[in-house]
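**Student:** Okay, here's the structure, questions in a sec.
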Amino acid sequence: MAVKALNERQLFRMKRVNLEKRIQQYYSKTQDSESVIEYGMAILVFNAITMTNYSFVCKDLIQEIFLTKEPTDKMREFCLYFYDFFDYNEWENVRDRLFKSRAEFSERTRRIRPETKYV
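In terms of our numbering, the sequence shown opens at residue 26 and continues consecutively.
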């Protein structure tokens, strides 16, 4: 049986505990790390505009993806938004895994750095 991706209604209407469970279940059945990163981005934005606390939803899963999965363009594109999910040493590992050099990291993330303070 095919596993359905989470839709907008589920992402923005579920209680935090159920949302984390659903994302974990989805990932365990599909190993679709790119979708989980997209869900994480949507939840970061949602957290910025809601009174309910959705900070660090699926933190352990996001950490696992960035620290162990094969690097992808989506990971490189969104990594800076998840900076607060990591301690300093973990972040250094993430950056080193995703980018060939600090210069490449700086260039790829230069435009979005000002935006990260809002999510």
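Even for Gly, the Cβ is constructed at its ideal location relative to N, Cα and C.
Just so it is clear, the structure is predicted and the values come from calculations on it, not from any experiment.
1) Can you check which of these residues, Phe81, Met76, Gln56 and Ser60, is closest to valine 42 by C-alpha distance?
2) Please report the straight-line C-alpha distance between alanine 73 and serine 126, rounded to a whole angstrom.
3) To the nearest whole angstrom, what separates the beta carbons of tyrosine 106 and methionine 66, a pair I think is in contact under 8 Å?
4) Going along the chain, which residues of its own chain have a beta-carbon closer than 8 Å to the beta-carbon of lysine 84, five neighbours each way excluded?
5) Just to confirm the assignment, what range does the alpha helix (DSSP H) spanning glutamine 88 have?
6) Give the single residue among Lys46, Lys54 and Arg120 whose Cα lies nearest to the Cα of glutamate 102.
7) Using the rule of at least 16 other Cβ atoms within 10 Å of the residue's Cβ for burial, across every protein chain shown, is methionine 76 buried or exposed?
8) Within the same chain, show all residues whose beta-carbon is closer than 8 Å to that of glutamate 45, passing over the 5 residues directly before and after it, in chain order.
9) Starting from tyrosine 52 and walking both ways along the alpha helix (DSSP H), at which residues does that stretch end?
10) Quick one: using the 10 Å Cβ neighbour count with 16 as the cut-off for buried, is serine 58 buried or exposed?
11) Does the beta-carbon distance from arginine 138 to leucine 92 come in below 9 Å?
**Tutor:** Short version:
1) One-based indexing of the sequence shown puts residue 42 at position 17. The shortest Cα separation from valine 42 among Phe81, Met76, Gln56 and Ser60 belongs to Phe81.
2) As a first step, residue 73 must be located in the sequence shown, where it is residue number 48. As a first step, residue 126 must be located in the sequence shown, where it is residue number 101. Roughly 31 Å between the two C-alpha positions.
3) One-based indexing of the sequence shown puts residue 106 at position 81. One-based indexing of the sequence shown puts residue 66 at position 41. Contact holds; Cβ gap of about 6 Å.
4) Counted from its first residue, the sequence shown places residue 84 at position 59. Excluding residues within five positions, the ones whose Cβ falls inside 8 Å are Phe110.
5) Along the sequence shown, one-based indexing puts residue 88 at 63. Element bounds for glutamine 88: 84-93.
6) Position 77 of the sequence shown holds residue 102. Closest by alpha carbon: Arg120.
7) As a working mapping, residue 76 is identified with position 51 in the sequence shown. Its Cβ having fewer than 16 others within 10 Å, methionine 76 is exposed.
8) Residue numbering aside, residue 45 sits at position 20 when the sequence shown is read from its first letter. Once the five neighbours on either side are set aside, the close Cβ partners of glutamate 45 are Val82 and Cys83.
9) Here residue 52 is taken as the residue at index 27 of the sequence shown, counted from 1. From DSSP, the alpha helix (DSSP H) with tyrosine 52 extends over 41-55.
10) Position 33 of the sequence shown holds residue 58. Burial call: buried.
11) As a working mapping, residue 138 is identified with position 113 in the sequence shown. As a working mapping, residue 92 is identified with position 67 in the sequence shown. Against a cut-off of 9 Å, the Cβ pair of leucine 92 and arginine 138 comes out as no contact.
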